[in-house]
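Take a look at the structure set out below.
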Amino acid sequence: MHHHLLQSLRLCATGGNPFSCKALHARILKIGLDQHGPLPNTLIYMYAKRGLLKDALQVFDDMRQRDLVSWASILTAYNRANLPNRSISIFPDMFGRDSLQPDHFVFASLVNSCAALNALQIGRQVHAQFVLSEFSSDDITKSSLVDMYAKCGSLDNARAVFDTICTKNSVSWTAIISGYAKAGRKSESVKLLRDMKVQDLFSWTALISGLIQSGHFVSAFHLFVEMQKEGIKIIDPFILSSVIGASANLAAQELGKQVHCLVLKLGFESNLYVCNTLIDMYAKCSDIIAAKTVFLYTVEKDVISWTSIIVGLAQHGKAKEALSLYNDMISCGIKPNKVTFVGLIYACSHVGLVNKGCDLFKSMVDDYGLKPNLQHYTCLLDLYSRSGYLDEAENLLNTMPFEVDEAVWASLLSACKRFGKTQMGIRIANRLMGLGVKDPSSYILLSNAYAGASMWENVAKVRRLMEAIDVKKEPGYSCVHLGKETEVFYAGETGHPMKNEMQVLLKDLDEEMRKRGYVPDVSFVLHDMGKKEKENQLFWHSERLAVAYGLLNGVPGSVIRVVKNLRVCGDCHTVLKFICSIVGREIVVRDASRFHHFKDGRCSCSDFW
DNA sequence: GTAGGGTTAG
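Counting the first sequence from 1 gives a position; this note's numbering is that position plus 21.
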């Protein structure tokens, strides 16, 4: 009888409908076996596995005699239900109410809770208890400890525990590899993988995903190719969503498309994670149409699918579509979260929908109980300042419950310049000076603000400050993607084999632009030099070189796609608006903060960036 | 009968 019931419970844990779980539980209650032998613990296990935490708890609380198995099961249930803090808080009851000492199962679960909570201090305490216990040689708990220390950023501790594991298996290796890779310690993580005797998809995924999380996108791709050459079969989609994410970060559309093909070939196109990363990837590669197509074909869209497309549309200046999709999302019964509202307010700020943006901000708090973070305030501030509501913006800046950074002040200062608010500009500039400035572009803003008010002493002061702390501008570079090939240009680069052709083309364009009213805005040049020299500096900015190369080598009529590491320079922005209409081509630039679709003499960012 | 590692949006 028991065996039959136990077997049914275990079956229910992995399949069938929730109703059959309850029916089985009812039958056990009816025949009075609910406190009998292994049955109550197996009930907890079943409910936990099915994500029915309340029912698991009910059984746990009703048990006359809980043992270590009950405890281990309920802690796992909390962890599964994403409530690791509950594990930590009920744990002391194990000593008090039930007079039990933890075993290795309980230790492993607790360590897991600490890992999920990033609770290094508690984790250390659990580790200490584990070391003092009679289970201190348990390798599985040690694997959990490796994972916990790695996730809490304490790599040396992770390594120390890892070295004490007697029989290292795939899980222990994967935990330590993941730790090193996520911390960006590339060579060490790769070496660890090579030291492993039998590598599997898990360990490769840990390495590649970890490196992607720490920004080593290109290395990750090389390893992904190597993994496939090694004959590792991709039997689940985890690694695919990671690699698609890397393509998005590189804005490498061709690469992303190739991985998309692999997804189709392997049959993972209906996996939600894969769909969500594909939507984001196409949006980040400036192919918003492809992003929308994937979105439409995503069957069970969740809040991340909706948010990804809303944010994508917003970043491409398609605010109306983003807002309309938000309405669809609500109609579908999907609840927006903080990220969704970042995208929505951002969308509003791009098209000057000030009231709509404020309403959304209010709705986030009042209707969805979400507490705005710094990013929401920054978006709101942007919304005001882009539309010229500078007093409101300054007021918000002075009353918001966050310390704001240099970038926020700088953005308001640039709005002052744009709307000719000289006095406010000086006020903001003084605040910014007091804050201590690091970003080179802030110095340009400051210098221009003081120069605009003829405050030459302050201009000189900014310059002295700049020299004193030796502001180093990160070298600007732009990539242009032409089919499968990518060409990289650095500002002022003169050694390129096609330099002469590019120079001739840019000269011709410059002539035509000047006929149409272009005047170079040398205020964007940081260095102290004459006007002609400054103009010459601008002429060799990397985004222009990339566009020139694209015009010379790309398929006629095709969209020119450029990715820049820094923000587009203001003068280049004007130039690209001229160029797109002179040559009748669409130019898309993804810079460090947003997308610019240049078409018919205009840009999708409405000249704010 | 219970435990450990790898994926998505700002």
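For glycine and all other residues, C-beta sits at the position ideal for the given N, C-alpha and C. Note that the structure is predicted; figures quoted are calculated from it, not measured.
| Check | Outcome |
| --- | --- |
| Quick one, which of 72, 554, 117, 116 has its alpha-carbon nearest residue 104's? | 72 |
| Nearest by alpha-carbon distance to residue 545: which of 592, 524, 79 is it? | 592 |
| Can you tell me which of the three DSSP states residue 620 falls into? | strand |
| Can you tell me the Cβ-Cβ gap for residue 235 and residue 203, rounded? I've got them flagged as a contact below 8 Å. | 6 Å |
| When you compare the CB positions of residue 258 and residue 315, do they come within less than 7 Å of one another, or not? | no |
| Assuming residue 500 is part of the beta strand (DSSP E), what are its boundary residues? | 498 to 503 |
| One question on the structure: do residue 399 and residue 429 come within less than 7 Å of each other, judged by their Cβ atoms? | yes |
| From residue 123 to residue 89, what distance separates their C-alpha atoms? | 7 Å |
| Does the distance from the C-beta atom of residue 343 to that of residue 306 stay below 7 Å? | no |
| With distances taken Cα to Cα, identify the nearest neighbour of residue 276 among 505, 31, 558, 623. | 505 |
| Going along the chain, which residues of its own chain have a beta-carbon closer than 6 Å to the beta-carbon of residue 200, five neighbours each way excluded? | 171, 176, 179 |
| Applying the 10 Å Cβ sphere with the 16-neighbour rule, what's the burial state of residue 92? | buried |
| Given a threshold of 16 other Cβ atoms within 10 Å of its Cβ, counted over all protein chains shown, does residue 415 qualify as buried or as exposed? | buried |
| Using the three-state DSSP reduction, which class does residue 238 fall into: helix, strand or coil? | helix |
| For a quick check, are the C-beta atoms of residue 613 and residue 587 less than 7 Å apart? | yes |
| Taking the alpha carbon of residue 218 as the reference point, which residue from 161, 380, 328, 195 has its own alpha carbon closest? | 195 |
| Kindly list the residues whose CB is nearer than 6 Å to the CB of residue 244, restricted to its own chain and excluding five residues on each side of it in sequence; keep chain order. | 229 |
| Straight-line CA distance for residue 596 to residue 543? | 13 Å |
| Quick one: what does DSSP say residue 87 is sitting in, helix, strand or coil? | coil |
| Please look up how many angstroms separate the CB atoms of residue 27 and residue 59, rounded, as I've assumed it's under 8 Å. | 6 Å |
| Could you give the distance in angstroms between the alpha-carbon of residue 348 and the alpha-carbon of residue 310? | 20 Å |
| Given a cut-off of 7 Å on the beta-carbon distance, is the pair residue 224 and residue 198 in contact? | yes |
| Across which residues does DSSP place residue 608 in a beta bridge pair? | 581, 619 |
| Could you pull out every residue in the same chain whose Cβ sits closer than 6 Å to the Cβ of residue 468, ignoring the five residues on either side in sequence? | 480, 483 |
| Determine the direct distance from the alpha carbon of residue 335 to that of residue 324, and round the result to whole angstroms. | 16 Å |
| In terms of residue numbering, what span does the beta strand (DSSP E) encompassing residue 362 cover? | It is not in any beta strand (DSSP E) - residue 362 instead sits in the alpha helix (DSSP H) that spans 359 to 372. |
| Would residue 408 and residue 373 be called neighbours here (beta carbons separated by less than 7 Å)? | yes |
| Just to check my reading of the structure: residue 600 and residue 530 have Cβ atoms closer than 8 Å, yes? What is that Cβ distance to the nearest angstrom? | 6 Å |
| Assuming the contact rule is C-beta atoms closer than 8 Å, residue 443 and residue 473 should be a hit. Round their C-beta distance to whole Å, please. | 6 Å |
| For the alpha helix (DSSP H) containing residue 506, name the first residue and the last one. | Here residue 506 belongs to no alpha helix (DSSP H); instead the beta strand (DSSP E) covers 506 to 511. |
| In whole angstroms, give me the CA-to-CA distance for residue 43 and residue 321. | 27 Å |
| Taking the C-alpha atoms as reference points, what is the distance between residue 240 and residue 412? | 48 Å |
| Tell me, to the nearest whole angstrom, how far the beta carbon of residue 519 is from that of residue 572; I am working on the premise that it is less than 8 Å. | No, residue 519 and residue 572 are not in contact; Cβ-Cβ is about 11 Å, not under 8 Å. |
| Quick check: the stretch 532 to 539 against the stretch 459 to 466, are there 3 or more CB pairs under 8 Å? | no |
| List the endpoints of the continuous alpha helix (DSSP H) containing residue 448. | 443 to 456 |
| Candidates 434, 439, 440: which alpha carbon is nearest residue 454's? | 434 |
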